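According to our numbering, the residues represented by the sequence shown are 7 to 266, in order.
Glycine residues also receive a C-beta, built at the ideal position from the N, C-alpha and C atoms.
Here the structure is a predicted model, which is why all the values come from computation and not from measurement.
Here the structure comes first, spelled out in structure tokens, and everything after it is commentary.
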Amino acid sequence: MVSAKHWKKLLYALPAPAFWLGVWQLCAFLVDRKVGGRGNELLLPYPSSVFRTLAALAERRDFWGTVLASLGRIAAGLAVGIALGALLAVLTCASPWVNRLFAPAIRVVRAAPVASFILLILLWTGREAVPAVIAALMVIPVVWDNLARGIQAVDQKLLELGRAYRFSRRKVVSLIYLPSLRPHILSALSTAAGLAWKSGVAAEVLCLPEPSLGHRIYYTKYYLDVPELFAWTVAAVALSMALEGLLRTCLARWEREWAA
């Protein structure tokens with residue numbers, strides 16, 4: 007049985023999605039009135055049309071194969087990007103020389119156009135590897151920037167207190183660093199998960215690995231199947247949000263294990 011607390015959370019979360027679905031419905035209606043015929047299907051389909059298309063796609067076996075293939079590539083890139091970004095944040099905060107060496111390169115990666123990296127990596131590797139590599143490259147600067155700021159902002163008095171009480175390295179990390187870094191870690195994971203999906207799917211659109219969400223999105227243009235384009239986009243957004251939620255859950259569990 008659903009508790010009152012869960013009902014309260016549900017009622018709190020519903021108004022914003024309902025509002026934007028209403029805006030979408032209204033805009034599609036206005037386009038339909040203005041263009042007539044199949045104009046709304048070619049320009050801005052109704053939400054009901056998109057969700058019917060998504061439900062029809064979900065009944066096909068190849069849909070889930072496509073989703074899992076893209077999820078595997080982008081999740082792998084996200085994991086590598088988080089690990090390398092965290093490692094670089096620790097190293098650049100620990101050593102000024104490491105910071106001088108790596109900080110300019112990370113800033114170049116953050117500032118350079120994603121399309122340039124996609125085309126270069128496509129030339130250097132096979133097209134199957136491009137989405138994972140691009141996702142990792144786009145995630146590294148975000149994780150590095152957030153964690154480096156967080157490490158530098160840790161209260162030095164707390165570290166001195168830990169040394170005075172002769173805390174072990176594990177206790178220093180779990181009782182001082184992790185609580186201080188938690189907002190920075192959450193911000194990094196939230197931004198990184200969305201950026202990994204955007205850049206990974208963009209890479210799939212350009213290099214067309216099979217099967218992939220980007221491959222399906224690319225070929226919707228040949229048939230002018232805008233409802234299917236929206237349906238694949240909704241699937242990508244849902245996967246991005248699910249991956250972000252999974253990362254938050256893993257972080258919370260990891261914190262509890264470290265504090266134990």
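Grab the span of the alpha helix (DSSP H) containing TYR224 for me, first residue to last. Translated into positions along the sequence shown, residue 224 becomes position 218. 219-229 is the span of the alpha helix (DSSP H), which, as asked, contains TYR224.
Helix, strand or coil for LEU108 per DSSP? Taking the sequence shown and counting its residues from 1, one reaches residue 108 at position 102. Sequence inspection shows Phe at residue 108; the Leu mentioned does not correspond to that position. Note: PHE108 maps to helix in three-state DSSP.
Can you tell me whether ASP161 is helix, strand or coil according to DSSP? One-based indexing of the sequence shown puts residue 161 at position 155. The answer is coil: DSSP assigns ASP161 none of H, G, I, E or B.
Over what stretch of residues does the alpha helix (DSSP H) that includes PHE173 continue unbroken? Your numbering for residue 173 matches position 167 in the sequence shown. Taken as a continuous stretch (DSSP letters only), PHE173 belongs to no alpha helix (DSSP H), as it is neither H nor E.
MET247 burial status per 10 Å Cβ neighbour count (16 or more: buried): Sequence index remark: in the sequence shown, residue 247 carries index 241 (1-based). Burial state of MET247 is exposed, judged by a 10 Å Cβ sphere holding fewer than 16 other Cβ atoms.
Could you check which residue in ALA209, THR197, LEU195 and LEU94 has the C-alpha nearest to that of GLY132? Within the sequence shown, numbered from 1, the residue matching residue 132 stands at position 126. The candidate whose alpha carbon is nearest that of GLY132 is ALA209.
PRO215 by DSSP, collapsed to three states: which one? Position 209 of the sequence shown, counted from the first residue, corresponds to residue 215. The DSSP-derived three-state label of PRO215 is coil.
Just reading off the alpha helix (DSSP H) that GLY28 is part of, what are its end residues? Counted from its first residue, the sequence shown places residue 28 at position 22. Taken as a continuous stretch (DSSP letters only), the alpha helix (DSSP H) holding GLY28 covers 21-41.
Distance, GLU166 Cα to ARG172 Cα: Taking the first residue of the sequence shown as position 1, residue 172 is located at position 166. Taking the first residue of the sequence shown as position 1, residue 166 is located at position 160. Cα-Cα distance, rounded: 10 Å.
Alpha-carbon spacing of ALA100 relative to ALA121, whole angstroms: Counting from 1 along the sequence shown, the entry for residue 100 is found at position 94. Counting from 1 along the sequence shown, the entry for residue 121 is found at position 115. Taking the straight line joining both Cα atoms gives about 33 Å.
Collapsed DSSP secondary structure at ALA135 in the structure displayed: One-based indexing of the sequence shown puts residue 135 at position 129. The answer is coil: DSSP assigns ALA135 none of H, G, I, E or B.
How close, in whole Å, do the beta carbons of GLY91 and ALA202 come, if the pair is a contact with beta carbons under 8 Å? Position 85 of the sequence shown, counting from 1, holds the residue named residue 91. Position 196 of the sequence shown, counting from 1, holds the residue named residue 202. That pair is no contact at about 11 Å.
Just tell me which of LEU235, ARG254 and TRP260 has its CA closest to the CA of PRO51. As a working note, residue 51 is residue 45 in the sequence shown. The shortest C-alpha separation from PRO51 is found at LEU235.
How long is the line joining the alpha carbons of LEU315 and ALA95, rounded to whole angstroms? With the chain represented from 7 up to 266, any question about residue 315 goes unanswered, as that position is not in the structure.
When you compare each of ALA117, ALA141, ARG116 and LEU187 to ILE127 by their alpha carbons, which one comes out closest? By one-based count along the sequence shown, residue 127 stands at place 121. When only C-alpha atoms are compared, the closest one is ALA141.
Can you tell me which of VAL160, LEU48, PHE108 and ARG188 puts its alpha carbon nearest to the alpha carbon of LEU230? Here residue 230 refers to the residue found at position 224 when the sequence shown is read from its first residue. Sorting VAL160, LEU48, PHE108 and ARG188 by C-alpha distance to the C-alpha of LEU230 places LEU48 at the top.
With a threshold of 16 other CB atoms inside 10 Å of the CB of GLY71, please say whether the residue is buried or exposed. The sequence position of residue 71 within the sequence shown is 65, counting from 1. Exposed, since its Cβ has fewer than 16 Cβ neighbours within 10 Å.
The alpha helix (DSSP H) enclosing VAL179, as first and last residue numbers: Within the sequence shown, numbered from 1, the residue matching residue 179 stands at position 173. Where VAL179 is concerned, there is no enclosing alpha helix (DSSP H), given that its DSSP letter is neither H nor E.
On the three-state DSSP scale, how would you describe TYR18? For the purposes of this step, residue 18 is identified with residue 12 of the sequence shown, where counting begins at 1. Looking at TYR18 - three-state DSSP - the assignment turns out to be helix.
Using CA atoms only, rank isn't needed, just tell me which of PHE25, ASP161, TYR224 and ASN152 is closest to LEU181. Sequence index remark: in the sequence shown, residue 181 carries index 175 (1-based). The shortest C-alpha separation from LEU181 is found at ASP161.
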